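*Asks:* Have a look at this one before I ask anything.
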Amino acid sequence: MAERILILGSGMCATKIAEGLSCNGASLILATAKANVNWSVFPWWDTQSKDSMEVLEKTRLTAFRGSAGDFMATLDQEGSSILRNVSGLIIAEEPETLPGFDLYGLSPCESVVTLSQIEDALACKVPLLQEGIVVFLLGLAEETLPFMTRRVMRSARDLQHSGVKSYVFYGNLKVADDGLEALYRQSRQAGVKYMRFSRAMPGICQGNDGRPTLSFIDETTANPYEISPDLTVVDERIPPDEYHEKLARLLGLHVGQAGFLQSDNTHRLSVKTNRRGILSAGPSRGVFEPRQQKTEASNAVSLTLKPLKADPRETKAEINPGKCVRCLSCYRLCPHGAVLINGRVNIAPLACEGCGICIAACPRDAIRMERDVCLDPFENGGLFKKTAAEKDALNVVVLCCNRSAIQARNLPGDSIQKTAHRIIYITMPCAGRLSTGDILDTFRKGADGVLILTCHQNNCYSEVGFLYARTKVDRARALLRQIGVNEDRLVIRSIASNMGAAFARIINDFTRGLADLGPSPLIGACPEDETIC
Numbered sequence: 007m008a009e010r011i012l013i014l015g016s017g018m019c020a021t022k023i024a025e026g027l028s029c030n031g032a033s034l035i036l037a038t039a040k041a042n043v044n045w046s047v048f049p050w051w052d053t054q055s056k057d058s059m060e061v062l063e064k065t066r067l068t069a070f071r072g073s074a075g076d077f078m079a080t081l082d083q084e085g086s087s088i089l090r091n092v093s094g095l096i097i098a099e100e101p102e103t104l105p106g107f108d109l110y111g112l113s114p115c116e117s118v119v120t121l122s123q124i125e126d127a128l129a130c131k132v133p134l135l136q137e138g139i140v141v142f143l144l145g146l147a148e149e150t151l152p153f154m155t156r157r158v159m160r161s162a163r164d165l166q167h168s169g170v171k172s173y174v175f176y177g178n179l180k181v182a183d184d185g186l187e188a189l190y191r192q193s194r195q196a197g198v199k200y201m202r203f204s205r206a207m208p209g210i211c212q213g214n215d216g217r218p219t220l221s222f223i224d225e226t227t228a229n230p231y232e233i234s235p236d237l238t239v240v241d242e243r244i245p246p247d248e249y250h251e252k253l254a255r256l257l258g259l260h261v262g263q264a265g266f267l268q269s270d271n272t273h274r275l276s277v278k279t280n281r282r283g284i285l286s287a288g289p290s291r292g293v294f295e296p297r298q299q300k301t302e303a304s305n306a307v308s309l310t311l312k313p314l315k316a317d318p319r320e321t322k323a324e325i326n327p328g329k330c331v332r333c334l335s336c337y338r339l340c341p342h343g344a345v346l347i348n349g350r351v352n353i354a355p356l357a358c359e360g361c362g363i364c365i366a367a368c369p370r371d372a373i374r375m376e377r378d379v380c381l382d383p384f385e386n387g388g389l390f391k392k393t394a395a396e397k398d399a400l401n402v403v404v405l406c407c408n409r410s411a412i413q414a415r416n417l418p419g420d421s422i423q424k425t426a427h428r429i430i431y432i433t434m435p436c437a438g439r440l441s442t443g444d445i446l447d448t449f450r451k452g453a454d455g456v457l458i459l460t461c462h463q464n465n466c467y468s469e470v471g472f473l474y475a476r477t478k479v480d481r482a483r484a485l486l487r488q489i490g491v492n493e494d495r496l497v498i499r500s501i502a503s504n505m506g507a508a509f510a511r512i513i514n515d516f517t518r519g520l521a522d523l524g525p526s527p528l529i530g531a532c533p534e535d536e537t538i539c
């Protein structure tokens, strides 16, 4: 484990991470954008913890250079710049909770409050309403999260116990999360009424006194109703805030559809990002309940305590300084932040994931990897040469991603049909390793058809390998059309590592289609052109 870890955040997840690492002897910097944090509420906050930890409030990360194991962080604390050398970064900064008044066209007042206000009042045993009717608005305008549903159900149940009549107006009630269905039944038994609005939300009109009137047609009875609750409670949103967006740009992190600091990629679970040495946990990568945040913290601690070292099974890219012209194509395209500029351009071995995207992007052929099997057939034209008995056979080249297609090939499934054609399998570290020139060179060396098998778009370890490969294939197909070659000789498909049967079907379909086209007219006719990439 490296010497010092920077943690961004001050909530439950961040402090649990700090506690776990501190107990294991780590030296920490805990920086939070918030001010006046009450650290004494955390039981682990004692003299020993404070001695091994530097705490910076009202502090934001403004620059972050380096690679896994050796980062230089620049922090801003109320206009003062602070530099710290750290070995890793864990982001657990909590976003701001936003009330949903605007979603329902309401203005806050004594009779229109947020869910957090109700929870605070119940916690202090001073409910905002002694008697009457309270309506909770849950997910009527936007899809809601199980975390928010749980909070609404608990509050509605507790208010019902205090003598208030609680109603929950909802759009789509999801109770698949742990304990949610039991809580739903419990609240129903306590007297909470649930009203579903699947087609349209109720009409909401707020009077001069601030009290709303809700009009609707009951979806079960088809009867019209109107209700003026004594208290209306709006749900809340917890989207990534401006600071999270800045961190994503600053650190070069891929984000998910909701904008949190982790992409929707199974390879990133649970707290990994696309950059080694940078973790995203708890509130920085989604909305989690307290018990889930504890699990997030535990995962972050476990990963951080593991020594950072290069995997001997991984092939690392290296830049030849004599060929490099500092065009920075590799720097711009590397999805893992492994390309550094320190006087010259180089690749950090610990940060490199061996995808080869930088090799395909380099216009000067200045980057190489050991055991780059993707290059073998292009450097050894004999692989495609036919014997006299094979003169009528077609060379079918299948370029397989090492993380998906090759593994699918090794699974039991439908058999690949016997054919007189030669099927040549070539392993790629990532589909993004291919350049347009590589694809055309395969045809020039003797391929009659080329099938490229990649990961699914949202399951690519390099995040962008599928997209890069698709772009290169589209360009190569366009070039084939220009010279009068049928573009169906070049096909790209995505596949997962557990799709053994699909692998065989894809091979069989491509081989049958290629047989109808016959030998390629491109063999030996395409001149070498190093400018095609």
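Each residue of the sequence shown is one higher than the one before, counting from 7 in the working numbering.
Even glycine gets a Cβ: it sits at the ideal position worked out from N, Cα and C.
These numbers come from a predicted model, not from an experiment.
For a test of the three-state rule: what should DSSP assign to M207, helix, strand or coil?
*Replies:* DSSP places M207 in coil when its eight states are reduced to three.
*Asks:* Would you give the residue range spanned by the alpha helix (DSSP H) that F153 belongs to?
*Replies:* Taken as a continuous stretch (DSSP letters only), the alpha helix (DSSP H) holding F153 covers 152 to 167.
*Asks:* Are R156 and V92 touching if we call contact CB-CB under 8 Å?
*Replies:* It is not a contact, given that the beta carbons lie outside the stated cut-off.
*Asks:* Measure from the alpha carbon of A37 to the alpha carbon of each residue in D76, F77, D82, G26, then state which is nearest.
*Replies:* Ranking D76, F77, D82, G26 by Cα distance to A37 puts D82 first.
*Asks:* Looking at the structure shown, is D215 part of a helix, part of a strand, or coil, going by DSSP?
*Replies:* Coil, per DSSP.
*Asks:* Using the Cα positions of P289 and R66, report the straight-line distance between them to the nearest angstrom.
*Replies:* Going from the Cα of P289 to the Cα of R66 covers about 16 Å.
*Asks:* For L104, which of helix, strand or coil comes out of DSSP?
*Replies:* Reduced to three states, the DSSP call for L104 is strand.
*Asks:* Output needed for G216: all residues of its chain with C-beta closer than 8 Å, excluding positions within five of it in sequence on either side, in chain order.
*Replies:* Counting only Cβ-Cβ distances below 8 Å, and skipping sequence neighbours, we find S113, C115, E116, S117, V118.
*Asks:* Pick helix, strand or coil for P527, following the three-state DSSP scheme.
*Replies:* Coil, per DSSP.
*Asks:* When you compare the CB positions of G455 and R495, do they come within less than 8 Å of one another, or not?
*Replies:* Cβ distance < 8 Å, so G455 and R495 count as in contact.
*Asks:* So, is S308 buried or exposed, given that buried needs 16 or more other C-beta atoms within 10 angstroms?
*Replies:* Exposed.
*Asks:* Counting along the chain, where does the alpha helix (DSSP H) carrying C29 start and finish?
*Replies:* Element bounds for C29: 18 to 29.
*Asks:* Residues in the same chain with beta-carbon distance under 6 Å from R274, minus the five sequence neighbours each way, listed in chain order, please.
*Replies:* The residues are Q268.
*Asks:* Measuring CB to CB, does I445 end up less than 8 Å from V402?
*Replies:* Taking 8 Å as the Cβ cut-off, I445 and V402 do not qualify as a contacting pair.
*Asks:* Using a threshold of 8 Å, state whether the C-beta atoms of C330 and R409 are closer than that.
*Replies:* No; because the gap between Cβ atoms is not below 8 Å, this pair is not in contact.
*Asks:* Closest to A254 by C-alpha separation, out of I244, S500, G265, would be which residue?
*Replies:* The shortest C-alpha separation from A254 is found at G265.
*Asks:* Assign E102 to buried or exposed, taking buried as 16 or more other Cβ atoms, counted over all protein chains shown, within 10 Å of its Cβ.
*Replies:* When all chains shown are included, E102 counts as exposed.
*Asks:* Taking N30 as the reference, which of E148, E376, L311 has the closest Cα?
*Replies:* Ranking E148, E376, L311 by Cα distance to N30 puts L311 first.
*Asks:* Please list, in chain order, all residues of the same chain as L189 whose beta carbon is under 6 Å from its beta carbon, the five residues on each side excluded.
*Replies:* Excluding positions up to five away in sequence, the list reads M159.
*Asks:* With I363 as the anchor, note down where its alpha helix (DSSP H) starts and where it stops.
*Replies:* Note, I363: alpha helix (DSSP H), 363 to 367.
*Asks:* Looking at C-beta atoms only, is the number of pairs between the region 191 to 203 and the region 220 to 236 that lie closer than 8 Å three or more?
*Replies:* Yes, the region 191 to 203 is in contact with the region 220 to 236.
*Asks:* Could you tell me the alpha carbon to alpha carbon distance between I124 and A510, rounded to whole angstroms?
*Replies:* Answer to the nearest angstrom: the Cα atoms are 58 Å apart.
*Asks:* Could you have a look at F593 and say whether DSSP puts it in helix, strand or coil?
*Replies:* Outside the shown range of the chain, which is 7 to 539, sits residue 593, and nothing can be said about it.
*Asks:* Just to confirm before moving on: does the CB-CB distance between A41 and K64 stay below 8 Å?
*Replies:* Yes, they are a contact pair.
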